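Trainee: What follows is a single structure, and I will ask about it in a moment.
Numbering (full-length UniProt numbering), first residue to last: 1 to 180.
The structure is reproduced here in structure tokens:
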């Protein structure tokens, strides 16, 4: 059924580049709640190549942040100029799962969808969720099963129920979607 256990850390942003000369960085948020993830006082960790926290990198405490055109401009303690900021270019920012805001009723983390068995009309198994793609106007679920690989929009009009505990999802797709 796939492992949907909660990881210890989640990626909340990606540092794309330095901004200005005072040590700010441009962060592409990878969370639905960037105002909480980049609030002053929040401590974030840098990820290593394997996605785990980088043991050689110090924790970064947010000193200030503001929304910008293409993400968030974030100032971390200890990063005082552009040269310091340049060292963090291309790095992912992690936050302990225990520190995240609780999910609202009916919300799930995308990692919890991986491995769920997808049913059409509650009876026909279409396979299991293999990947979630964040797209516009709707995120897509990649489902691999007896019909091959299907891309299912993750929309409330199509996904009628998600039961993480039972390991299943039910969909009611519009005519023709499963034939694409």
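Here a beta-carbon is modelled for each residue, glycine too, at the ideal position from N, C-alpha and C.
Predicted model only: the values in this text are computed from it and were never measured.
#1: Check whether the region 40 to 58 and the region 4 to 18 touch, using three or more Cβ-Cβ pairs below 8 angstroms as the test.
#2: Would you mind sorting residue 92 into buried or exposed? The rule is 16 or more other CB atoms within 10 Å of its CB.
#3: Within the region 127 to 160, note down every full beta strand (DSSP E) run reaching 3 residues or more, in order along the chain.
#4: Looking at C-alpha atoms only, which residue of 60, 35, 33 and 70 is the closest neighbour of residue 17?
#5: Exposed or buried, what is residue 21 when buried is set at 16 or more other beta-carbons lying within 10 Å of its beta-carbon?
#6: Can you give me the start and stop residues for the beta strand (DSSP E) that residue 85 sits inside?
#7: So residue 48 and residue 62 are in contact, right, with Cβ under 8 angstroms, and what is the actual spacing, rounded?
#8: Taking its Cβ as the centre, do 16 or more other Cβ atoms sit within 10 Å of residue 162, making it buried, or is it exposed?
#9: How many angstroms separate the CA atom of residue 67 from the CA atom of residue 147?
#10: Quick one: any contact between the region 51 to 65 and the region 99 to 112, if contact means 3 or more CB pairs under 8 angstroms?
#11: Tell me the DSSP secondary structure of residue 99 in three-state form.
#12: If I'm right that residue 60 touches residue 76 with Cβ under 8 angstroms, what's the distance once you round it to whole angstroms?
Mentor: From the atom records:
#1: Contact annotation: the region 40 to 58 touches the region 4 to 18, with at least three C-beta pairs closer than 8 angstroms.
#2: Numbered from 1 along the chain shown, position 92 holds the residue referred to as residue 92. Buried, because 16 or more other Cβ atoms sit within 10 Å of the Cβ of residue 92.
#3: Scanning the region 127 to 160 from its first residue to its last, the whole beta strand (DSSP E) runs of 3-plus residues come out as 140 to 145 and 148 to 153.
#4: To locate residue 17, count along the chain shown from 1; it is residue 17. Its Cα nearest to that of residue 17, the residue 70 stands out among 60, 35, 33 and 70.
#5: Taking the first residue of the chain shown as position 1, residue 21 is located at position 21. It counts as exposed.
#6: As a working note, residue 85 is residue 85 in the chain shown. Per DSSP, residue 85 is not a residue of any beta strand (DSSP E); the alpha helix (DSSP H) it occupies stretches across 82 to 86.
#7: What you label residue 48 is simply residue 48 of the chain shown in a count that begins at 1. What you label residue 62 is simply residue 62 of the chain shown in a count that begins at 1. About 20 angstroms; that fails the 8 angstroms criterion.
#8: Along the chain shown, one-based indexing puts residue 162 at 162. By the 10 Å Cβ count, residue 162 comes out buried.
#9: Here residue 67 refers to the residue found at position 67 of the chain shown. Here residue 147 refers to the residue found at position 147 of the chain shown. C-alpha separation (whole angstroms): 43 angstroms.
#10: No: fewer than three Cβ pairs fall under 8 angstroms.
#11: Residue numbering aside, residue 99 sits at position 99 when the chain shown is read from its first letter. In this structure, residue 99 counts as helix in the three-state DSSP scheme.
#12: For the purposes of this step, residue 60 is taken as the residue at position 60 of the chain shown. For the purposes of this step, residue 76 is taken as the residue at position 76 of the chain shown. Yes, they are in contact, since the Cβ atoms of residue 60 and residue 76 sit about 4 angstroms apart, within 8 angstroms.
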